[in-house]
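Visitor: Protein sequences appear in the order of chains R and U. Going by our numbering, the letters in the first sequence line up with residues 1 to 112, in that order. Going by our numbering, the letters in the second sequence line up with residues 113 to 226, in that order. One structure, as structure tokens, below. Some questions next.
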Amino acid sequence: DAGITQSPRHKVTETGTPVTLRCHQTENHRYMYWYRQDPGHGLRLIHYSYGVKDTDKGEVSDGYSVSRSKTEDFLLTLESATSSQTSVYFCAITRAGSYEQYFGPGTRLTVT
Amino acid sequence: AQSVTQPDIHITVSEGASLELRCNYSYGATPYLFWYVQSPGQGLQLLLKYFSGDTLVQGIKGFEAEFKRSQSSFNLRKPSVHWSDAAEYFCAVDNTGTASKLTFGTGTRLQVTL
Chain R
1 DAGITQSPRH KVTETGTPVT LRCHQTENHR YMYWYRQDPG HGLRLIHYSY
51 GVKDTDKGEV SDGYSVSRSK TEDFLLTLES ATSSQTSVYF CAITRAGSYE
101 QYFGPGTRLT VT
Chain U
113 AQSVTQPDIH ITVSEGASLE LRCNYSYGAT PYLFWYVQSP GQGLQLLLKY
163 FSGDTLVQGI KGFEAEFKRS QSSFNLRKPS VHWSDAAEYF CAVDNTGTAS
213 KLTFGTGTRL QVTL
């Protein structure tokens, strides 16, 4: 257990509405990540953060933005949700010195 | 760009039988290699990892994996499968040396028959 929580755990929203997903960690880890999981694609990296206010794009960043104003929270925002963003979103952290990623429980997002 | 291939989408084995899940990667140097397991509706749990050294690595839940440089493979094995092993298994690679950018395979779903 890496002390990662995600909220909400489930959300249904309409096309065109903004959505923010939250990842919260309690162990002061520097690196945090957002992935999406889709059948036939495995997990794909959306954005990651290597410190407060330090973020970078991943493989599938179009349509997503992130913010990290404090160490413990990493927010993923869909500015205008589309049906193609229906997915399960996972947050992850890397423990310092371990070179291992640990994952949160996930958020299931449905865009109708 | 690096890529990870898990050629088997779905595998069915009988309880007590041995298991091997395949993973091949495409990358010039030896990356860091990982296997994760995901039970239905759950997050991913790290089973084992390879960074360097002994090419046979042991993980949790009785799993092991062997790194073969010549075949660019990192196959996951278990001598005797239990019904509770039914899950989806993901291979992942990282070429940054810091686990900061994992590339995942598409996963193999394991079904265990009694």
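Backbone N, C-alpha and C fix where the C-beta goes; we use that ideal spot for every residue, glycine too.
Given that a residue counts as buried once 16 or more other Cβ atoms are within 10 Å of its Cβ, and exposed if not, what is Leu78 of chain R?
Guide: Buried.
Visitor: Is the stretch 117-127 of chain U touching the stretch 91-103 of chain R, taking contact as three or more C-beta pairs under 8 Å?
Guide: Counting Cβ pairs under 8 Å, fewer than three are found: no touch.
Visitor: Over the uninterrupted beta strand (DSSP E) stretch that includes His41 of chain R, give me the two end residues.
Guide: Taken as a continuous stretch (DSSP letters only), His41 of chain R belongs to no beta strand (DSSP E), as it is neither H nor E.
Visitor: I want to verify the contact list: residues of chain U whose CB lies under 7 Å from the CB of Leu76 of chain R, in sequence order.
Guide: Going along chain U, no residue has its Cβ under 7 Å from Leu76 of chain R, so there is no contact; the nearest lies around 16 Å.
Visitor: In whole angstroms, what separates the C-alpha of Thr218 of chain U from that of Lys70 of chain R?
Guide: When rounded, the distance between both Cα atoms is 33 Å.
Visitor: For Gly104 of chain R, return the contacting residues in chain U, with the cut-off set at a CB-CB distance below 8 Å.
Guide: Result: Gly155.
Visitor: Could you compute how far the alpha carbon of Cys91 of chain R sits from the alpha carbon of Ser61 of chain R?
Guide: Distance between the alpha carbons of Cys91 of chain R and Ser61 of chain R is about 14 Å.
Visitor: So Thr17 of chain R is in the beta strand (DSSP E); what residue range does that whole segment cover?
Guide: It is not in any beta strand (DSSP E) - Thr17 of chain R carries neither H nor E in the DSSP assignment.
Visitor: Leu160 of chain U to Val12 of chain R, Cα distance in whole Å?
Guide: Approximately 35 Å, taken between the alpha carbons.
Visitor: Just checking: is the beta-carbon of Leu158 of chain U within a distance shorter than 7 Å of some beta-carbon in chain R?
Guide: Yes, contact with chain R.
Visitor: Would you list the one or two residues that DSSP bridges to Trp34 of chain R?
Guide: DSSP output for Trp34 of chain R lists R:His47, R:Cys91 as bridge partner(s).
Visitor: If you follow the beta strand (DSSP E) that His194 of chain U is in, where does it begin and where does it stop?
Guide: No beta strand (DSSP E) holds His194 of chain U; DSSP gives it neither H nor E.
Visitor: Since Phe202 of chain U and Leu43 of chain R are thought to touch, with beta carbons under 8 Å apart, how far apart are those beta carbons, to the nearest angstrom?
Guide: Indeed, because the Cβ distance is near 7 Å, the residues count as touching under 8 Å.
Visitor: Cα separation between Phe179 of chain U and Phe216 of chain U?
Guide: The alpha-carbon atoms of Phe179 of chain U and Phe216 of chain U are separated by roughly 17 Å.
Visitor: Beta-carbon separation of Ala177 of chain U and Phe163 of chain U under 7 Å?
Guide: Against a cut-off of 7 Å, the Cβ pair of Phe163 of chain U and Ala177 of chain U comes out as no contact.
Visitor: Would you say Glu27 of chain R lies against chain U (beta-carbon separation less than 7 Å)?
Guide: Cβ-Cβ to chain U under 7 Å: no for Glu27 of chain R.
Visitor: Can Val205 of chain U and Pro143 of chain U be called in contact, C-beta distance under 7 Å?
Guide: Contact flag set, yes.
Visitor: If you drop the 5 nearest sequence neighbours on each side, which residues of the same chain put their C-beta closer than 7 Å to that of Ala198 of chain U?
Guide: Excluding positions up to five away in sequence, the list reads Leu222, Gln223, Val224.
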